[in-house]
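Working notes, structure below.
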Amino acid sequence: MSEVNIADNRPLDLLVRKLESMGPLTADERQAILSLPASVRVLPPRYDILHEDDRPSQCCIVLSGWLWCYRSLSSGKRQIISLHMMGDLPDLQGLELPVIDYSLGTISESTVAFTPRVHLQELAATQPRIAKALWQVAAADAVVTREWMVSLGRRSALEHLAHLLCELYVRQQALKKARDYCCELPINQCNIADILGLTNAHVNRMAKILKQRGLATLDGKMLSIHNWSRLVRLCEFNVNYLSPKLQIIPKLKCDQTNESLHLDHQLNLRDYGRIRSDYDGGAADRAVPPCRQERWRGRLTSNAI
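Residue 1 is where the sequence shown starts when you use the UniProt record's numbering, and the numbers rise one by one after that.
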């Protein structure tokens, strides 16, 4: 773990942008946020920041990398309850709780900014619009948690896996970490099992079915989506629950001339989960996303899952 010199970086700019996505802030409110004391740390993969029953003194914002929140049982079994990427405040929901009921750790090498909880609490107490924005961010995270609960309770294993892949792709795309319906995921098959509440073997079978149906492939830590519209229909994915986090997403379309997939144009977020393809089966099911073509040419590499 290493400290980062933040004299010239102003890591809380990302916090300002996050809160302004919920509503406009005045210049004084922005300055009040930027005036919070902050430290930045580069954390290694699989590093626990907080443990269940800890009494945290700081709140954090993810500047880069991936974090997760999870609960562990005495049997050693683990349930991953949330994933966090750049711009997220993974421990915000516990801001007013003296003891946390989950563990928080890094998945990949991550850069995280920390600010004292007491200062953030005082800021919320004196700045109502900042308090409202913080509440909205926490509420947006709670919406995602409820969607995960629906998946755990009512979606089949195949639908649950498909829904998770749709969500992770959309979130990566919003961060400009995805292209041509391919993106890297720093989670392996065992991690996915801990999200879905399934065994590793069961997840492996479901992943094979998605691949055999020409919908999506998990190859190492690379996700490739071959037919977005059919994947969406399979799991009834509706991106509206992610709308507080995301704005504009590209649309998938099939070029009937060269039978390849390409990004057509920008689409309003509310339509993303409901789009229908301009084709039904045929060439699009067989098409190989450009990033996988490049990978086969040796341009992309990833670790085995």
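From the three backbone atoms N, C-alpha and C, an ideal C-beta is built for every residue, glycine too.
Note that the structure is a prediction, hence the values are computed from the model and not measured.
**Report entry** Residue range of the alpha helix (DSSP H) that includes M149
**Finding:** In the DSSP annotation of this structure, the continuous segment of the alpha helix (DSSP H) that includes M149 starts and ends at 128-154.
Requested in this report: Compute the Euclidean distance between the alpha carbons of G105 and Q79, then round it to the nearest angstrom.
Outcome: 13 Å
Query raised in the report: By the 10 Å Cβ neighbour count, where 16 or more other Cβ atoms means buried, how is N191 classified, buried or exposed?
Result: buried
Requested in this report: Note down, one range per segment and in chain order, each beta strand (DSSP E) of at least 3 residues found wholly within the segment 146-226.
Outcome: 182-184, 216-219, 222-225
Requested in this report: Go ahead and pull the three-state DSSP assignment for G105.
Outcome: strand
**Report entry** Per-residue DSSP class, three states only, for Y47
**Finding:** coil
**Report entry** Boundaries (first-last residue) of the beta strand (DSSP E) holding R78
**Finding:** Element bounds for R78: 78-84.
**Report entry** Reference Y181, options D101, L231, E96, closest by Cα
**Finding:** L231
Query raised in the report: Under a three-way DSSP split, which group does P228 fall into?
Result: According to the sequence displayed, residue 228 carries Trp and not Pro. Helix at W228.
**Report entry** Reference P128; option with closest CA among E29, R146, L15, A139
**Finding:** When each option's Cα is compared against that of P128, the closest is E29.
Requested in this report: From the DSSP output, in three-state form, read off A32 for me.
Outcome: helix
**Report entry** Coarse secondary structure for A113, derived from DSSP in three states
**Finding:** strand
Query raised in the report: The alpha helix (DSSP H) with L19 in it runs from where to where?
Result: Per DSSP, L19 is one residue of the alpha helix (DSSP H) stretching across 13-20.
Query - Local Cβ density within 10 Å of E236, reported as buried at 16 or more and exposed below that - result: exposed
**Report entry** Separation of Q93 from L242, as counted between CA atoms
**Finding:** 17 Å
Query raised in the report: Looking at C-alpha atoms only, which residue of L19, D53, M206 is the closest neighbour of E159?
Result: Checking every option, the nearest Cα to that of E159 belongs to M206.
Query raised in the report: DSSP on V239, reduced to helix/strand/coil?
Result: Shown here, V239 sits in a helix according to DSSP, grouped into three states.
Query raised in the report: Taking C-alpha atoms, which residue in A178, N200, A193 lies nearest to S224?
Result: A178
**Report entry** Through-space distance from L161 to L152, alpha-carbon basis
**Finding:** Going by the C-alpha atoms only, they are around 10 Å apart.
Query raised in the report: Given S72, which residues of its chain have a CB within under 6 Å of its CB, disregarding the five upstream and five downstream residues?
Result: R78
Requested in this report: Consult DSSP for R71 and reduce its assignment to one of helix, strand or coil.
Outcome: strand
Requested in this report: For my contact list, S110 and L43 are in at a C-beta cut-off of 8 Å; report their separation, rounded to the angstrom.
Outcome: 5 Å
Query raised in the report: Near D280, what residues of its chain come up, given a Cβ to Cβ distance below 6 Å and the 5 sequence neighbours on each side ignored?
Result: Here D280 scores only 33 on pLDDT, less than 50, and its place in the model should not be relied on; the value that follows carries that caveat. If we look at D280 and ignore the five residues flanking it on each side, it has no Cβ neighbours.
Query raised in the report: Comparing alpha-carbon positions, which option in I61, L95, P98 lies nearest D88?
Result: I61
Query raised in the report: What does a CB cutoff of less than 7 Å around L14 pick up in its chain, not counting 5 residues either side in sequence?
Result: Excluding five sequence positions before and after L14, the CB atoms of its chain that fall closer than 7 Å to its own CB belong to I61, L63, G87, given in chain order.
Query raised in the report: Is DSSP giving L63 helix, strand or coil here?
Result: Residue state, collapsed to three classes: strand.
Requested in this report: Determine the direct distance from the alpha carbon of W228 to that of I275, and round the result to whole angstroms.
Outcome: Unreliable positioning characterises I275 in this predicted model, as indicated by a pLDDT of 36, which lies under 50. The coordinate reading is nonetheless provided below. Cα to Cα, I275 sits roughly 9 Å from W228.
Query raised in the report: Just the Cα atoms here: how many angstroms apart are F114 and N204?
Result: 37 Å
Query raised in the report: Do you know how far the Cα of V112 is from the Cα of G214?
Result: 38 Å
**Report entry** P90 burial status per 10 Å Cβ neighbour count (16 or more: buried)
**Finding:** buried
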